[in-house]
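**Q**
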Amino acid sequence: MQSGRPEPSVSPNPVEPKSAPSRAAGEAAPAAKTWSGPDPTVAPVTIRSLQRAMRERIPFAALTCYDATTARWLERAGVPVLLVGDTAAEVILGHPNTLHAPLDFLIALTAAVKRGAPRALVMADMPFMSYQADEAEGVRNAGRFMTEGAADCVKLEVDASFAPTVSRMSRAGIPVVAHIGSRPQHAKQVGGYVAAGKTADDAMRILADADAMLAAGATMLLVEATPVEVTEEIVRRSAVPVIGCGAGPVCHGQVVVTHDLLGLTERQPPFALPLVQLGAQLSAMADAWKDRVRTGVLGEHPYALSDEQRKDFFRRIGRG
Ligand code: KIV
Numbered sequence: 625m626q627s628g629r630p631e632p633s634v635s636p637n638p639v640e641p642k643s644a645p646s647r648a649a650g651e652a653a654p655a656a657k658t659w660s661g662p663d664p665t666v667a668p669v670t671i672r673s674l675q676r677a678m679r680e681r682i683p684f685a686a687l688t689c690y691d692a693t694t695a696r697w698l699e700r701a702g703v704p705v706l707l708v709g710d711t712a713a714e715v716i717l718g719h720p721n722t723l724h725a726p727l728d729f730l731i732a733l734t735a736a737v738k739r740g741a742p743r744a745l746v747m748a749d750m751p752f753m754s755y756q757a758d759e760a761e762g763v764r765n766a767g768r769f770m771t772e773g774a775a776d777c778v779k780l781e782v783d784a785s786f787a788p789t790v791s792r793m794s795r796a797g798i799p800v801v802a803h804i805g806s807r808p809q810h811a812k813q814v815g816g817y818v819a820a821g822k823t824a825d826d827a828m829r830i831l832a833d834a835d836a837m838l839a840a841g842a843t844m845l846l847v848e849a850t851p852v853e854v855t856e857e858i859v860r861r862s863a864v865p866v867i868g869c870g871a872g873p874v875c876h877g878q879v880v881v882t883h884d885l886l887g888l889t890e891r892q893p894p895f896a897l898p899l900v901q902l903g904a905q906l907s908a909m910a911d912a913w914k915d916r917v918r919t920g921v922l923g924e925h926p927y928a929l930s931d932e933q934r935k936d937f938f939r940r941i942g943r944g
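Each residue of the sequence shown is one higher than the last, beginning at 625 in the working numbering.
What follows is the structure, given as structure tokens:
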């Protein structure tokens with residue numbers, strides 16, 4: 625949804641040089657630089673900048689992130705949206721699925737990511753059973769992500785039946801990203817991580833979920849693992865940015881699990897194949913460190929006693 629207020633103009637470099645050269649009379653103004661999309665190295669990323677990217681058809685990147693150091697590097701690289709996903713249960717905690725992400729743990733990780741990337745838009749994933757059992761509890765937990773976690777928005781895996789919860793969060797001022805399509809928190813119920821919308825019936829159900837979420841005030845949609853035709857129809861109906869995860873290139877933004885792109889996970893989905901081989905590099909680093917330890921060549925030793933203190937120390941231990 626777009627507010628009626630005009631979008632502030634964001635230039636690639638909003639900081640005016642202190643002593644901008646003055647133009648001679650009649651000299652043409654320099655051509656306005658074109659906005660190349662939300663970029664945390666230029667200005668803080670907000671829901672409004674993502675809406676503007678959507679309107680201007682500039683696809684934006686999103687990545688999962690679970691710690692401050694990685695967040696700092698991803699923000700420096702210009703990634704506008706960081707998702708503190710419940711995939712932390714798998715990637716960080718080593719569980720077989722996303723059901724095991726403790727609420728307090730995800731809130732702490734969200735705050736860490738925001739500290740590392742204060743200008744990126746940080747999306748907090750609400751974990752299994754933090755919003756499903758009770759509406760009021762869900763709103764309070766979403767509020768904790770916004771306050772303790774300093775999140776910019778929360779994400780919930782939903783279908784149309786969650787409309788009252790989303791609407792209540794939205795009324796409370798909490799921007800909600802409605803995650804529809806394949807919902808990993810339902811993996812036990814459907815027998816694993818499966819695609820969604822592969823029959824006309826299921827595709828129509830997902831469209832109904834999308835409509836219900838839009839009507840309930842969702843700030844964005846996140847669509848996972850749907851056929852391109854289904855995603856296209858969701859994007860066509862949506863007045864808010866749609867982020868895809870394995871949902872095809874038509875979405876306004878794209879998110880994947882960073883560890884997949886880093887080459888750190890055992891199996892990657894075909895839409896998130898490794899871009900670097902950090903796993904192999906970690907192994908090479910570990911081998912090199914083992915060699916250093918074995919040979920005692922550890923680099924320069926920076927801590928020294930002064931001559932006077934050394935003499936005193938040796939005298940006291942009986943070696944003086
Ligand atoms: O938790 C997560 O990482 C996710 C996505 C990858 C969409 O929800």
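Virtual Cβ for every residue (Gly too), placed ideally from N, Cα, C.
1. Since Tyr898 and Gly887 are thought to touch, with beta carbons under 8 Å apart, how far apart are those beta carbons, to the nearest angstrom?
2. So what's Glu781 in DSSP terms, helix, strand or just coil?
3. Near the ligand KIV, which residues have their beta-carbon closer than 7 Å to a heavy atom?
4. How would you call Lys779, buried or exposed, if buried means at least 16 neighbouring beta carbons within 10 angstroms?
5. So, helix, strand or coil for Asp749, using DSSP?
6. Using a Cβ-Cβ cutoff of less than 6 Å, which residues in the same chain neighbour Gly628 once the five nearest sequence positions on both sides are dropped?
7. What runs of the beta strand (DSSP E), each 3 residues or longer, lie entirely inside the stretch 785-839?
8. Going straight from the alpha carbon of Gln982 to that of Lys914, what length do you get?
9. Just grab the DSSP bridge partners of Ile867 for me.
10. So, Ala741 versus Asp691, is the Cβ gap smaller than 7 Å?
11. Which residues does DSSP list as the beta-bridge partners of Val705?
12. Under a three-way DSSP split, which group does Glu856 fall into?
13. Quick one: Cα of Cys875 to Cα of Arg807, how far?
14. On the CB-based measure, 16 or more other CB atoms within 10 Å of its CB, does Phe937 come out buried or exposed?
15. Can you tell me which of the three DSSP states Asn721 falls into?
16. Using DSSP with H/G/I as helix, E/B as strand and the rest coil, what is Asp884?
17. Evaluate the contact criterion for the stretch 830-850 versus the stretch 788-798: three or more CB pairs, one atom per stretch, below 8 Å.
18. So, for Phe895: in the same chain, excluding its five sequence neighbours on each side, which residues have a beta-carbon less than 6 Å away from its beta-carbon?
19. Smallest Cα separation from Pro683: which of Trp659, Cys689 and Ala827?
20. Between Pro926 and Trp697, what straight-line distance do the alpha-carbon atoms span, to the nearest angstrom?
21. What's the gap between the Cα of Ala713 and the Cα of Ala748?
22. Please report how far the alpha carbon of Leu929 lies from the alpha carbon of Ile941, in whole angstroms.
**A** Taking the coordinates as given:
1. Within the sequence shown, numbered from 1, the residue matching residue 898 stands at position 274. Within the sequence shown, numbered from 1, the residue matching residue 887 stands at position 263. At residue 898 the sequence reads Pro, which differs from the Tyr that was named. So it is a contact: roughly 3 Å between Cβ atoms.
2. If you number the sequence shown from 1, residue 781 lands on position 157. Strand.
3. Every residue passing the under-7 Å Cβ criterion appears here: Thr688, Leu707, Gly709, Asp710, Thr711, Thr722, Asp749, Lys779, His803, Pro808, Leu846, Glu848, Cys869, Val879, Val880 and Val881.
4. Walking along the sequence shown from the start, residue 779 turns up at place 155. Lys779 counts as buried, since no fewer than 16 other beta carbons sit within 10 angstroms of its beta carbon.
5. By one-based count along the sequence shown, residue 749 stands at place 125. DSSP places Asp749 in strand when its eight states are reduced to three.
6. For the purposes of this step, residue 628 is identified with residue 4 of the sequence shown, where counting begins at 1. At Gly628, the pLDDT of 33 sits below 50, so the modelled position is not reliable; the number obtained from the coordinates is stated separately. Cβ neighbours of Gly628 beyond the five flanking positions: none.
7. If we require 3 residues or more, the beta strand (DSSP E) runs fully inside the stretch 785-839 come out as 800-805.
8. A question about residue 982 goes unanswered here, because the residues of the chain that appear run from 625 up to 944.
9. Here residue 867 refers to the residue found at position 243 of the sequence shown. Residue pairing of Ile867 in beta bridges, as defined by DSSP: Leu846 and Gly877.
10. To locate residue 741, count along the sequence shown from 1; it is residue 117. To locate residue 691, count along the sequence shown from 1; it is residue 67. In terms of Cβ geometry, Ala741 and Asp691 do not form a close pair [threshold 7 Å].
11. On the sequence shown, residue 705 is found 81 positions in, with the first residue counted as 1. In the DSSP output, where bridge partners are listed per residue, Val705 has Ala686 and Leu745.
12. Numbered from its first residue, the sequence shown carries residue 856 at position 232. Of the three classes helix, strand and coil, the one that applies to Glu856 here is helix, per DSSP.
13. As a working mapping, residue 875 is identified with position 251 in the sequence shown. As a working mapping, residue 807 is identified with position 183 in the sequence shown. One alpha carbon belongs to Cys875, the other to Arg807, and they sit about 18 Å apart.
14. Along the sequence shown, one-based indexing puts residue 937 at 313. Looking at its Cβ environment, which holds fewer than 16 other Cβ atoms inside 10 Å, Phe937 is exposed.
15. Position 97 of the sequence shown, counted from the first residue, corresponds to residue 721. Coil at Asn721, not helix or strand.
16. Start at 1 with the first residue of the sequence shown, and residue 884 comes out as number 260. Asp884: helix per DSSP, three-state reduction.
17. By the C-beta criterion, the stretch 830-850 is judged to be in contact with the stretch 788-798, since at least 3 inter-stretch pairs fall below 8 Å.
18. To locate residue 895, count along the sequence shown from 1; it is residue 271. Excluding its 5 nearest sequence neighbours in each direction, Phe895 has C-beta neighbours in its own chain below 6 Å: Gly870, listed in chain order.
19. As a first step, residue 683 must be located in the sequence shown, where it is residue number 59. By alpha-carbon distance to Pro683, the top candidate from Trp659, Cys689 and Ala827 is Trp659.
20. Within the sequence shown, numbered from 1, the residue matching residue 926 stands at position 302. Within the sequence shown, numbered from 1, the residue matching residue 697 stands at position 73. Within the model, the alpha-carbon separation for Pro926 versus Trp697 is close to 28 Å.
21. Within the sequence shown, residue 713 is the residue found at index 89, counting from 1. Within the sequence shown, residue 748 is the residue found at index 124, counting from 1. If you take the alpha carbons of Ala713 and Ala748, they lie about 14 Å apart.
22. Stepping through the sequence shown from its first residue, residue 929 is reached at position 305. Stepping through the sequence shown from its first residue, residue 941 is reached at position 317. Looking at the two C-alpha atoms, the distance is approximately 15 Å.
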